[in-house]
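Peer 1: I have a structure I would like to understand better, so I am pasting it below and will then ask my questions one at a time.
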Amino acid sequence: MKDGVNGVALGVFVFFFLAVTVLGFLASRWRKAENEHSLDEWGLGGRSFGTWITWFLLGGDLYTAYTFVAVPAAIYAAGASGFFAVPYTILVYPLIFTFLPRLWSVSHRHGYVTTSDFVRGRFGSKGLSLAVAVTGILATMPYIALQLVGIQAVLDVMGVGGGEDTNWFVKDLPLLIAFGVLAAYTYSSGLRAPAMIAFVKDTLIYIVIAVAIIYIPIKLGGFDEIFAKAGEKYTATGAGGLVPAPAGQWTYATLALGSALALFMYPHSITATLSSKSREVIRRNTTILPLYSLMLGLLALLGFMAIAAGVKVTNGQLAIPQLFEDMFPDWFAGVAFAAIGIGALVPAAIMSIAAANLFTRNIYKDFIKPDATPEQETKVSKLVSLLVKVGALVFVLTMDKTVAINFQLLGGIWILQTFPALVGGLFTRWFHRWALLTGWAVGMLYGTLAAYGVASPTQKHFGGSAKEIPGIGEIGYIGLTAFVLNVVVTVILTFALKALKAPDGIDETSPADYTADAGDPGVEVELPPATAGTSH
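Numbering-wise (the numbering used here), the sequence shown opens with residue 1120 and increments by one.
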């Protein structure tokens, strides 16, 4: 580990950071709308993005700084079990091919901005819509915090801010500056800012991965040497292995499947999807997004390289930034750090916008001010996006980083419980709204209590996301167990409520809405009463 501030790396990092800051503010003039005072424009980029912009935006949204840092860090600490992120991102694309185009079509047809908008319209239930919105906001908050953790890891390795004994303000000042810039251009430009910056972010990441996967093995004596040293370390420490242990295979499989089901339940994933200009753009993206999974597999190998390079860190999240610091020339280490830093800004911006849209449309408009004008909606969403980022910043600055990681794992358990209402609702109206709400509540309660009982070396509670599966006896992903329980309760209650002829709610959608594309005859965006007359 190098002592002091790496001036060259810091200079390169600052250059790219300033470049994307300028892009972030300029984005407000990119594809400028006639009427920018609507959530369609500020929060969804005018629903105008084509295939490549959507690809970069979704890639920047899903493959975050935390992915860049945490996936190889998991390999570094626990061996091949950390590779679960690779199969789950392979599983997710055939899955979303089946339902994302339907969600885009019905959302385009009715002017839905959030998943909760769709749930309310499909099932005629503000209560179920509120449950989905609150779950989305709660699950997103620690995810934003982890992006800031990624930036902080890079700053720590570059030596910026001083050591642990440094005054807290001086130590955290670089992070505060990065946060301020992010908040400012998100407020100004909305979703257009991360869409434009995503081009820079993804280009840098692909360059860094391509160089790392060739350059670092050459310096370390080849992949045979890398895997041999990694195997020696795992054997000596018992930390993991080059192949997942038989005892952990249920955990590996259920975590991969549960994560695949949950990924596109997150509000930021849907926000990026609904910004597309046509149904075909979504279908094309589900076929080309797996290129990012190839990148992720190569990225994960950096964990083995960090072991072979003798990287020693007390915080596993620093392993990959430290590997770059040790192995690359200073100038290219700066490029790698910029890729991670910008990789945090893009998803953090989209996540804060998505959470703000949920609050505005499904809490503020539905329960506080039903007659809110488009201008008022946009203003509230902008302000809430700032508050969400402030909350994430406070979380990072006041709590241990492992707490942020474990709460993000808890968020994954929670967000998976919205799957029956969202995906189920896209294909059938059979589920009863009260049954879906009860199933959601049971899944949330079980998942939270089960996670609360999991301890780790650093925490008594919420120390992980795996626990014994009732009735099976194997250790598995809590979120998937809660999801199965959720579905069982929903199905049983639906039969009961239909037998009792409980009121079903009004479905404002029609079958043709789920296959409509932009430009189809009669397929114009139907705006809610409060937004009628707004230019789109």
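Glycine included, every Cβ here is placed at the ideal spot set by N, Cα and C.
Just so we're clear, the structure is a prediction, and the values are computed from it rather than from any experiment.
Beta strand (DSSP E) containing residue 1631: first to last residue?
Peer 2: That residue, residue 1631, is in no beta strand (DSSP E); it is neither H nor E in DSSP.
Peer 1: Please report the straight-line C-alpha distance between residue 1291 and residue 1435, rounded to a whole angstrom.
Peer 2: Using only the alpha carbons, I get a separation of about 20 Å.
Peer 1: I'd like the span of the beta strand (DSSP E) that includes residue 1585, first residue to last.
Peer 2: 1585-1587 is the extent of the beta strand (DSSP E) around residue 1585.
Peer 1: Quick one: which unbroken alpha helix (DSSP H) runs of 4-plus residues sit fully inside the stretch 1483-1518? Chain order, please.
Peer 2: Qualifying alpha helix (DSSP H) stretches, in chain order: 1493-1517.
Peer 1: Could you have a look at residue 1123 and say whether DSSP puts it in helix, strand or coil?
Peer 2: Residue state, collapsed to three classes: coil.
Peer 1: Within its chain, find whatever has a CB closer than 6 Å to the CB of residue 1362; leave out the 5 residues flanking it on each side and keep chain order.
Peer 2: The answer, listed in chain order, is 1199.
Peer 1: With DSSP as the reference, please indicate the residues paired to residue 1693 in a beta bridge.
Peer 2: Within the shown structure, residues of the chain are numbered from 1120 to 1655, placing residue 1693 beyond reach of any answer.
Peer 1: Just the Cα atoms here: how many angstroms apart are residue 1137 and residue 1423?
Peer 2: Rounded to the nearest angstrom, the two C-alpha atoms are 33 Å apart.
Peer 1: Please state whether DSSP places residue 1278 in a helix, a strand or coil.
Peer 2: In the structure shown, residue 1278 sits in coil (DSSP, three-state: anything other than H, G, I, E or B).
Peer 1: Who are the Cβ neighbours of residue 1348 in its own chain at under 7 Å, not counting the five residues just before and after it?
Peer 2: Excluding residues within five positions, the ones whose Cβ falls inside 7 Å are 1426, 1427.
Peer 1: Here's the rule: buried if 16 or more other CB atoms are within 10 angstroms of the residue's CB, otherwise exposed. What is residue 1511?
Peer 2: Buried, since its Cβ has 16 or more Cβ neighbours within 10 Å.
Peer 1: Where residue 1605 and residue 1205 are concerned, what is the direct C-alpha to C-alpha distance, given to the nearest angstrom?
Peer 2: Between residue 1605 and residue 1205, the C-alpha separation is close to 26 Å.
Peer 1: Which same chain residues, not among the five before or five after residue 1414, have their C-beta less than 6 Å away from its C-beta?
Peer 2: Contacts found: 1328.
Peer 1: Would you verify that the beta carbon of residue 1321 is, or is not, closer than 9 Å to some beta carbon of chain B?
Peer 2: Here there is only one protein chain, and chain B is not present.
Peer 1: What three-state label does DSSP hand residue 1394 in the structure shown?
Peer 2: Coil at residue 1394, not helix or strand.
Peer 1: Evaluate residue 1391 with the Cβ neighbour count: other Cβ atoms within 10 Å of its Cβ, from every protein chain shown; 16 or more gives buried, anything less gives exposed.
Peer 2: By the neighbour-count rule (16 or more Cβ atoms within 10 Å), residue 1391 is buried.
Peer 1: Taking the straight line between their C-alpha atoms, what separation do you get for residue 1213 and residue 1177?
Peer 2: Near 16 Å, if we compare the C-alpha coordinates of residue 1177 and residue 1213.
Peer 1: Go ahead and label residue 1461 buried or exposed: buried means 16 or more other beta carbons lie within 10 angstroms of its beta carbon, across all protein chains shown.
Peer 2: Classification for residue 1461: buried.
Peer 1: Output yes or no for whether 9 Å exceeds the beta carbon distance between residue 1451 and residue 1273.
Peer 2: It is not a contact, given that the beta carbons lie outside the stated cut-off.
Peer 1: Classify residue 1383 as helix, strand or coil using the three-state DSSP reduction.
Peer 2: It is coil, neither helix nor strand.
Peer 1: I think residue 1393 touches residue 1226, with their Cβ atoms under 8 Å apart; what is that distance to the nearest whole Å?
Peer 2: Contact flag correct, Cβ pair sits at about 5 Å.
Peer 1: In whole angstroms, what separates the C-alpha of residue 1570 from that of residue 1523?
Peer 2: So the alpha carbons of these two residues sit roughly 14 Å apart.
Peer 1: For a quick check, are the C-beta atoms of residue 1376 and residue 1565 less than 9 Å apart?
Peer 2: It is not a contact, given that the beta carbons lie outside the stated cut-off.
Peer 1: Look at the alpha carbon of residue 1419 and the alpha carbon of residue 1187, and state the distance between them as a whole number of angstroms.
Peer 2: Their backbone Cα atoms lie some 8 Å apart in a straight line.
Peer 1: With a cut-off of 8 Å, do at least 3 Cβ pairs link the stretch 1216-1233 to the stretch 1625-1637?
Peer 2: Judged by Cβ distances under 8 Å, the stretch 1216-1233 makes contact with the stretch 1625-1637, as three or more pairs qualify.
Peer 1: Kindly give me the distance between the Cβ atoms of residue 1386 and residue 1477, rounded to whole angstroms, as I take these residues to be in contact under 8 Å.
Peer 2: Yes, residue 1386 and residue 1477 are in contact; Cβ-Cβ is about 6 Å, under 8 Å.
Peer 1: Please list, in chain order, all residues of the same chain as residue 1254 whose beta carbon is under 8 Å from its beta carbon, the five residues on each side excluded.
Peer 2: For residue 1254, where only same-chain residues beyond five positions count, the Cβ hits under 8 Å are 1533, 1534, 1536, 1537, 1559, 1563.
Peer 1: Check for me: the alpha helix (DSSP H) holding residue 1237 runs from which residue to which?
Peer 2: Here the alpha helix (DSSP H) through residue 1237 covers 1234-1242.
Peer 1: Should residue 1575 go down as buried or exposed, given a rule of 16 or more other Cβ atoms within 10 Å for buried?
Peer 2: Looking at its Cβ environment, which holds fewer than 16 other Cβ atoms inside 10 Å, residue 1575 is exposed.
Peer 1: Residue 1422 by DSSP, collapsed to three states: which one?
Peer 2: Residue 1422 falls in the helix class under three-state DSSP.
Peer 1: Using a Cβ-Cβ cut-off of 8 Å (strictly less than) and excluding sequence neighbours within five positions of residue 1621, which residues of its own chain qualify?
Peer 2: Closer than 8 Å at Cβ, skipping near neighbours: 1551, 1553.
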